[in-house]
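A short write-up of the structure that comes next.
In the working numbering, the protein residues as written are 2 to 161.
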């Protein structure tokens with residue numbers, strides 16, 4: 002059996018050169034907007050959480066940022082916890098809720114489709130994280146069209 006000799010990695014070591022930034026650090030010009038849409042189920046994969054992090058980055062880069070939760074995306078915006086609301090049942094359980102709260106605290110807007118809340122998932126507006134604005138299902142297309150009209154950056158988040 003060949004013998005492999007190397008110094009084992011330890012905490013604090015890096016596997017890659019994470020400091021080498023290739024592209025300029027883009028900041029929003031005055032009045033620039035961003036819209037991130039979510040048609041994904043909460044906690045079913047990483048895309049919902051990752052793009053909530055992207056929404057936060059866009060706010061910090063100066064974009065007037067809105068988040069749209071529709072279809073299964075409304076599940077990102079409901080209050081959760083176990084055994085009580087706000088309790089984290091396991092590490093990371095409340096990541097999406099905390100990130101949405103951070104988006105709202107930092108000036109982002111979050112909207113949730115009333116049709117998906119009630120008709121698809123059986124939630125009421127009182128189940129939403131405080132600060133989320135419930136909207137008419139016909140507003141789902143209109144917020145996207147308004148963002149397009151404003152030349153906003155649009156990031157669509159979908160899972161099947």
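Ideal Cβ positions, reconstructed from N, Cα and C, are used throughout, including at glycine.
Candidates the options: closest to residue i by CA position
| i | options | result |
| --- | --- | --- |
| residue 127 | 81, 73 and 8 | 81 |
| residue 71 | 116, 97 and 17 | 116 |
| residue 97 | 60, 9, 52 and 156 | 52 |
| residue 105 | 49, 78 and 92 | 78 |
| residue 93 | 59, 50 and 133 | 50 |
| residue 129 | 87, 18, 152 and 150 | 87 |
| residue 58 | 22, 18 and 109 | 109 |
| residue 151 | 133, 95, 32 and 120 | 32 |
Anticipated Cβ contact below 8 Å, residue i with residue j, distance rounded
| i | j | result |
| --- | --- | --- |
| residue 68 | residue 111 | 4 Å |
| residue 131 | residue 118 | Contact doesn't hold; Cβ gap of about 15 Å is too wide. |
| residue 65 | residue 34 | 5 Å |
| residue 45 | residue 160 | 7 Å |
| residue 48 | residue 76 | Not really, about 13 Å apart at Cβ, beyond 8 Å. |
| residue 60 | residue 107 | 5 Å |
| residue 63 | residue 29 | 4 Å |
| residue 54 | residue 100 | 6 Å |
Residue burial classification, residue i (beta-carbon count within 10 angstroms, cutoff 16)
| i | result |
| --- | --- |
| residue 56 | buried |
| residue 90 | exposed |
| residue 114 | buried |
| residue 74 | buried |
| residue 2 | exposed |
| residue 153 | buried |
Worksheet item: Between the region 135-149 and the region 27-44, do at least 3 Cβ pairs fall closer than 8 Å?
Response: yes
May I ask you to verify whether the region 82-89 touches the region 117-131, counting CB pairs closer than 8 Å and requiring at least 3?
no
Check: Which whole runs of the alpha helix (DSSP H) in the region 88-131 are 4 residues long or more, in chain order?
Finding: 96-106
Considering only residues of the region 54-78, which uninterrupted beta strand (DSSP E) runs meet the minimum length of 3 residues and lie entirely inside it, listed in chain order? 65-70
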